[in-house]
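Right, one structure below, let's go through it.
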Amino acid sequence: MVDGVLGESLLVVENTSVFYRSPTGLIKALDDVSISVAPREFIALVGESGCGKSTLGLSILRLLPPNSEIRGNIYFRGVDLGRITNRELINLRGTGIGMIFQEPLSSLDPMERIRDQFAQTIQIYNKKSGMDKSKANNEEILKWLRQVRIPDPERSLDRYPFQLSGGMAQRVMIAMALSQNPSILIADEPTSALDVTTQAQIIQLMKDLASNTTIIFITHDLGVAAQVAEKVLVMYAGCIVEEGTAKQIFSNPLHPYTQALLGCYPRSSKATGKLKTINGTVPNLASEFKGCKFADRCPYKKEPCVADNTPIVEVEMGHRVRCILY
Amino acid sequence: MLGASYTEREILLSVQKLGQDIVVEGRAKGVKRTITPVKEISFDVYKGETLGIVGESGSGKTTLLRALALISKPSAGHIRLENEVIFDGRNGTKKLAGKIQMVFQDPVSSLNPTMKVKNAVAEPLIPLGLSKSEIEERTVDSLRSVGMEDFLEKYPTQMSGGQKQRVSIARAVAPRPKLILLDEPTSALDAAVQAQVLNLLVELQKSYDLTYVFVTHNIAIARYVADRIAVFYDGRIRELGPSEEVLSRPLHPYTASLMEASPLPDPDQKNLLTADIKGEPPSLFDPVAGCSFHPRCKFAQDICRAELPELRTLFFGHLVSCHRAEELSKQQPKNLA
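Line by line, the protein sequences are chains A and B.
Those letters in the first sequence? Residues 1 to 326, per this note's numbering, in order.
Those letters in the second sequence? Residues 1001 to 1337, per this note's numbering, in order.
Here's what the structure looks like:
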């Protein structure tokens, strides 16, 4: 497989909506989301819990739970993922698009040694790519464990996941994901369960090792997004409300929600005054909507906000916002 | 021992050489091991202040709070609250009711799902010997102070995470405690709700004249709420001082690393990608000799591997436990801003 020409999109999500069937009705978790991802981009997907970040990640890999329904098209290298067979989808997962999750210890098999889990991963990859089907040897696994800077990799081979710290387990997960050589790596809050000093090490590692991989980094931590991403997408209640470079989003936030969210971040001591907050609560996604979902909490709310659906507009090169103020 | 501005302040809680051992069952039958998550900790908390305790998971922050509230019996040391001994090295007082309250990290598991809000808030008032009408009055009053007076008849499942945490706070405030121990009270909450809860806590502190010990792993939150900060690592205080001092002029290499690794929402200050920190905290089952930060410290020397540094005053009210603190504080401007 060959990467597309630079600037050409590797992944395109087009008008995609995701619904979850629940006892209280249909929940619209993702509302008409469109994104396009170029090769080797580092994208951060930010927003509060329940805004649809993880749903977007899972819908790309078609890993949504059975009570869900997806509408819209997602293209990977021009291929519509909704139209390919299960077999092709399985081949794509891991090798085309990989994913790592927040809780490394629940992603690893608790009953198997690291050596065996890792060997399987490599074996499956080899099988998929039509290479040697024999079992992966220790050397290959060790090479990966060294790359993710696991101290004492020889001893780690024989360990079970519970014998690893959270940071070490996440390193193993990253090594396994990268051993499949994916074009895109979706990382769903990969460092949220880790301490800051471990988080810094893991993020540095991802930056170093994945220079040829496109990364979609899902996080609720604006600090992390500002530090790692080239491009930032801000989500609210299932919609993308603003998108731009990290610099655009953090030094010139346009959407009232982005502004409010950044205002909530404590930067000085309580002596300097109260923290800014956002009035009201996140809307109920089971109800029907017209207009901007943030309108009820927005200090700039006007009549047209709730009258019609707000289109996303490009304010400056690469900086797009979904708000009638612009 | 502390600076002049502090000597005039009234000490509310005094902790001397507090230790907490935990006996852990080994995997083999009958094998028991003792770990010590909190090791000979001494500090004072002044009336009306917020003492922030920062550190990473496993550093002993929560164990310390549990020991202070006598939820688990400390193994060693003394604790005094308003000059009254509440733990004498062997036994804890039985008359603590209501004086020390605690707010936990997870608002879901800290409220009984089968209990109405009004009963949850009234429960800690029962041992105080108040009349029924007094209890009712205080319950309503506490809930009003957190903006939850309309939720008296509700159950926890009918509330959001932020609302539940408000109820937990109302319950902590209701017995009019001297001291509230807050264990990561906002880390399960979203940014906007977190800001609301932090504002509320600051407000309540003023109106009820409360003293807080506030545990957090988030430096930005500690900077916002705390008057003084204690930095924890492997069960010991490594640095203690006024928040601004500690955060603008960290004296311990660990404090400096912690700040380097804390991501700022500013793409022009990419501290996270340049943070120079290696390794992980030591395991409690595998104690490290000397200063237990030495395997991760870029300034470690022979003495650090051999001897445990004492927590000592370096500047007015600013204490540090590092052999090389004097030398390092002169050598390099550790101001990371």
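Glycine included, each C-beta is placed from N, C-alpha and C at the ideal position.
Asked: Cα separation between A177 (chain A) and G98 (chain A)?; Found: 6 Å
Asked: List in chain order: all unbroken alpha helix (DSSP H) runs of 4+ residues lying wholly within the segment 1126-1157 of chain B.; Found: 1132-1145
Asked: Measuring CB to CB, does V1054 (chain B) end up less than 8 Å from I1277 (chain B)?; Found: no
Asked: Throw me the rounded Cβ distance for the I43 (chain A) and K231 (chain A) pair, which I believe falls under 8 Å.; Found: 5 Å
Asked: Just how far apart, CA to CA, sit L6 (chain A) and T245 (chain A)?; Found: Interpretation of L6 (chain A) is limited by its pLDDT of 42, a score under 50 that renders its predicted location unreliable; the figure taken from the coordinates is listed afterwards. Taking the straight line joining both Cα atoms gives about 18 Å.
Asked: Whose CA, out of B:H1217, B:P1113 and B:A1188, lies closest to the CA of K1061 (chain B)?; Found: B:H1217
Asked: Have a look at S1168 (chain B) and L1314 (chain B) and give me their C-alpha separation to the nearest angstrom.; Found: 39 Å
Asked: Just checking Q1016 (chain B) against the ligand MN - is the residue's beta carbon closer than 7 Å to any of the ligand's heavy atoms?; Found: Only the bare structure without any ligand can be found here, which leaves the ligand MN out of the picture.
Asked: Sort out for me which residues DSSP pairs Q1020 (chain B) with in a bridge.; Found: B:V1038
Asked: Taking the beta strand (DSSP E) that L1251 (chain B) belongs to, which residues open and close that run?; Found: Unbroken run through L1251 (chain B): none, as it is neither H nor E.
Asked: Please classify D195 (chain A) as buried or exposed, where buried requires at least 16 neighbouring CB atoms within 10 angstroms.; Found: buried
Asked: So with CB distances below 7 Å, who are the chain A contacts of Q1196 (chain B)?; Found: T277
Asked: At what residue ranges does the segment 1162-1216 of chain B contain a whole run of the beta strand (DSSP E), taking only runs of 3 or more?; Found: 1179-1183 and 1211-1216
Asked: What does E48 (chain A) reach in chain B if we use C-beta pairs closer than 8 Å?; Found: D1190, A1191 and A1192
Asked: Would you verify that the beta carbon of C323 (chain A) is, or is not, closer than 8 Å to some beta carbon of chain B?; Found: no
Asked: Rounded to the nearest angstrom, what separates I218 (chain A) and I312 (chain A) at their Cα positions?; Found: 21 Å
Asked: Within 8 Å, do at least three Cβ pairs link the segment 207-218 of chain A to the segment 1250-1260 of chain B?; Found: no
Asked: Apply the 10 Å Cβ neighbour rule to Q1331 (chain B) and answer buried if 16 or more other Cβ atoms are within range, or exposed otherwise.; Found: exposed
Asked: Once DSSP output is grouped into helix, strand and coil, what is the label at Q147 (chain A)?; Found: helix
Asked: Determine which residues of the segment 182-205 of chain A have a Cβ less than 8 Å from any Cβ of chain B, and write them out in chain order.; Found: D195, V196, T197, T198, Q199, A200, Q201, I203 and Q204
Asked: Quick check on the burial criterion: 16 or more other C-beta atoms within 10 angstroms. Buried or exposed for P66 (chain A)?; Found: exposed
Asked: Do the segment 1205-1216 of chain B and the segment 1129-1141 of chain B meet, that is, are 3 or more Cβ pairs less than 8 Å apart?; Found: no
Asked: If we count the other Cβ atoms within 10 Å of its Cβ and call it buried at 16 or more, is E154 (chain A) buried or exposed?; Found: exposed
Asked: With contact counted as at least three CB pairs below 8 Å, one residue from each stretch, are the segment 113-127 of chain A and the segment 157-176 of chain A in contact?; Found: yes
Asked: How would you label A1325 (chain B), buried or exposed, when you count the other beta carbons within 10 angstroms and need 16 or more for buried?; Found: buried
Asked: Relative to the C-alpha of A1222 (chain B), which candidate in B:E1244, B:Q1205 and B:D1190 has its C-alpha closest?; Found: B:E1244
Asked: Taking only three categories from DSSP, how would you classify G1052 (chain B)?; Found: strand
Asked: Does the separation of the CB atoms of L61 (chain A) and L45 (chain A) fall below 8 Å?; Found: no
Asked: Could you give the C-beta distance for A237 (chain A) and K293 (chain A), rounded to a whole number, given that I count them as a contact under 8 Å?; Found: 4 Å
Asked: DSSP three-state call for I249 (chain A): helix, strand or coil?; Found: helix
Asked: Measuring only between beta-carbons, confirm whether P66 (chain A) sits less than 8 Å from chain B.; Found: no
Asked: Starting from S49 (chain A), trace the beta strand (DSSP E) in both directions and tell me its first and last residue.; Found: Here S49 (chain A) belongs to no beta strand (DSSP E), and DSSP marks it neither H nor E.
Asked: As a quick exercise: from B:K1270, B:Q1301 and B:R1305, pick the residue whose alpha carbon is nearest that of P1287 (chain B).; Found: B:R1305
Asked: Just list the alpha helix (DSSP H) runs in the segment 29-106 of chain A, keeping only unbroken ones of 4 residues or longer that don't cross its boundaries, in chain order.; Found: 53-60 and 86-92
Asked: Could you name the residues of the segment 266-295 of chain A whose beta carbon sits closer than 8 Å to any beta carbon of chain B, in the order they occur along the chain?; Found: P266, R267, S268, S269, K270, K274, L275, K276, T277, I278 and T281
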